[in-house]
Amino acid sequence: MTATRPTGSRRARPGRAVLATETRLFLREPGSLFWILMFPTLLLVVLGLVPGFDEPSAEFGGVSFVAAYVPVSCLLAAIMAGVTAMPAVISAYRERQVLRRIATTPARAAHVLGAQVALHAAAVLVSVGLVLAVGRLAFGVPLPAALPAWALAYLLALVAVFGIGALVSGTAPSSRAASTVGTVVFFPLMFTAGVWYPVSAMSGLVRDVVAATPTGAAALALDRAQAGELPTLLQVLVVAGWAVVLAVLAVRCFRWQ
Amino acid sequence: MPLIEVRDLRKTYRSAVAVEHVDLDVHDGEIVGVLGPNGAGKTTTVECIAGLTRPDHGTVRVAGHVPWQDRRAVTRVLGVQLQSSGLQAKLTAREAVAMVAAFHDDPADPVELIERLGLRQVADARYAHLSGGQQQRLAIATALVGRPRVVLLDELTTGLDPEARRDTWQLVREVRDGGTTVVLVTHLMEEAQQLCDRIAVMAAGRVVAEGTPEQVVARSANSTVMSFTVPADVLAAAALSGLPGVGGVERRGDRLEVVGTDDGVLAVLHALQTRGVEPVGLRVSATTLDDAYLDLVRRQDAAPTLQESA
């Protein structure tokens, strides 16, 4: 049985229509846009304006305080998007049965989730570009010397952080619960990314523990790539391991309603 | 071939049986009502048809396609309005209809549909700011915008005021007159009687009666109600309750009310004649669909108890 289409009709592309809608909705979230796109750069600017923070310091391996905060700010963008902004949207979609509604149309609920991940990831990458550009132009922080290694380490960290967010939003029984759990993991992630104190300047047991976390290992890998060295195999394996495990868990454990 | 064909459907959640041995046919151009109390299995049946739930046993075909296997084919011919589903909070009514329209190759005109559902005034309001009735009408618009061959409407007038309800009924008739088949899930007898060509009454996970509303009333054990005036000292209610075809006898002051089958009515009249009692002010009428429904549903609820005691 072949269906004939009347002339003038076009072939619908449900995935694209979902992406267009979700993009429009994403732009209606000024809070998310601020915390993902602006806040990491703002943090860098504020620190850079503190007198002396742009001078090389032995504490941070010979780079300036503000230079040490460039990778930290980049990780912060991923954390803001992955564990606060995105879970809020997805858990609300689950709670209000938006995913079920979409599942009864030619579009798929997976289109909606895919669009959300893509949009938040895109915002993070824009934010990273902004941080690197402002660091370079305003405070003379050189761009990562080993750029491919830096990008690889960063993307793995992005997958791991988004995996945590997706796991939270896909398993929390309500959007309220998702935001509570999100807040609980938000602060350890910020700490291990080095927001309070750069990981490279940590020492002893704290450093060892932090180096085993996804954002901690990523922070160390990014520091090395920033300086033009390749990250250590262990650092890459830790971030990659977290990325794989968290992504698989997030997909496996996702509950549609 | 029926447009929707459900055969021997069975779905269990943990230990609870949601539906069992459910058969349902929906033919082209019909408005079919699925009635039943909460927990009767209406939602599970509808979810299986919409492809949201995969049954443990049995088959469902929508225009020949199995919903949970060929969802693309099914979602093209089946429009769905689910009671418990929403849209993105910051999406406007206009954008919502346009989005779903963009999912389909040959959709209806979103502007026209918004107009027809009385949403023009709020077309640019966000979903979260719409009233319950407006959200309901928007859900109907998104169910219709793909020009489906058959549309599933789940409790579509819940939360609407009586006037909006009548308007929605009129809309459903127009939809059917436009060639779209309608499956209506409802617990309102008036709605079923007004709109449906056929109804299926569900109780405790099964279809307990099916047919036109008139047929369902006739199939009820107490399809007829009769009442007459007779003082209690002349005739006790108990004297009639044992007669064949009599489902129940109740005394209200001087009047006796008897429900039962048509044969039961004749048996009562015969018994009165034998006793020389004159049924003053005799009234005989058909049971309403409401009463027939309650009778069917209660009988079903009572059935397991009978089995246990046997």
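One line per chain: the protein sequences are A and B, in this order.
Anchor point for the first sequence: position 106 equals 106 in the working numbering, and the numbering is continuous, going up by one each time.
Position in the second sequence counted from 1, then plus 1000, gives you the working numbering.
Glycine is no exception: its CB is placed at the ideal position from the N, C-alpha and C atoms.
Since we're looking at a predicted model, the values are computed, not measured.
For the set B:R1126, B:V1150, B:L1113, the Cα lying nearest the Cα of B:E1005 is the one of B:V1150. In this structure B:V1183 is in contact with B:L1152, their Cβ atoms being roughly 5 Å apart against a cut-off of 8 Å. At a cut-off of 8 Å between beta carbons, A:Q226 makes no contact with chain B. Residue pairing by DSSP places A:A211 in no beta bridge whatsoever. Annotated three-state conformation of A:F53 is coil, per DSSP. Its Cα nearest to that of B:S1223, the residue B:T1288 stands out among B:T1274, B:V1208, B:A1236, B:T1288. Counting only runs of 3 or more residues that sit fully inside the segment 1123-1184 of chain B, the beta strand (DSSP E) segments are 1150-1154, in chain order. Residue state for B:F1228 is assigned as strand, using DSSP reduced to three classes. Within chain A, the residues whose beta carbon sits less than 7 Å from that of B:M1099 are A17, T21, listed in sequence order.
Take the alpha-carbon of B:S1227 and the one of B:T1212: they are about 26 Å apart.
Residue pairing by DSSP places A:V181 in no beta bridge whatsoever. Counting only Cβ-Cβ distances below 7 Å, A:Q116 has no contacts in chain B at all, with the closest Cβ about 11 Å away.
Secondary-structure assignment with DSSP links B:A1016 through a beta bridge to B:Y1013.
The alpha-carbon separation between B:P1148 and A:A12 amounts to approximately 15 Å.
Between the segment 1091-1107 of chain B and the segment 130-145 of chain A there are fewer than three inter-stretch CB-CB distances shorter than 8 Å, so the stretches are not counted as touching. A:F191 and A:Y197 have their C-alpha atoms spaced approximately 8 Å apart. In this structure, B:M1001 keeps its C-beta atom at 8 Å or more from the C-beta atom of A:A17.
Rounded to the nearest angstrom, the Cβ distance from B:T1142 to B:V1208 is 32 Å, too far for a contact under 8 Å.
For B:M1099, the secondary structure class from DSSP, reduced to helix, strand or coil, is helix. Straight-line spacing of the CA atoms in B:G1041 and A:G194 works out to 54 Å. Classified as exposed, B:G1253 has fewer than 16 neighbouring CB atoms from the shown chains inside 10 Å of its CB. Residues are counted here when their Cβ sits less than 7 Å from a Cβ of chain B; for the segment 102-135 of chain A these are A103, T104, T105, P106, A107, given in chain order.
A Cβ-Cβ distance of about 7 Å is found for the pair B:L1009 and B:V1060, placing them in contact under the 8 Å criterion. The beta-carbon separation of B:V1062 and B:I1049, rounded to 6 Å, stays under the 8 Å limit for a contact.
In the DSSP assignment, A:I90 falls within the unbroken alpha helix (DSSP H) covering 86-95. Cβ-Cβ separation between A:R224 and A:P231: approximately 5 Å, consistent with a contact (criterion under 8 Å). Interface annotation for the segment 1085-1114 of chain B against chain A: S1085, G1086, L1087, Q1088, A1089, K1090, L1091, E1095, A1096, A1098, M1099, V1100, A1101, A1102, F1103, H1104, D1105, D1106, P1107, criterion Cβ-Cβ distance under 9 Å.
Beta-bridge partners assigned by DSSP to A:M202: none are found. The residues A1093, R1094, V1097, R1120, A1123, A1141, in chain order, have a CB closer than 7 Å to that of B:I1114 in the same chain once the five nearest residues on each side in sequence are set aside. One alpha carbon belongs to A:S203, the other to B:K1090, and they sit about 47 Å apart. Residue-level contact by beta carbon fails for B:L1003 and chain A, as no gap is shorter than 8 Å.
Taking the C-beta atoms as reference points, A:I79 is found no nearer than 8 Å to A:L237. Judged by DSSP secondary structure, B:V1277 falls outside any beta strand (DSSP E); it is assigned neither H nor E.
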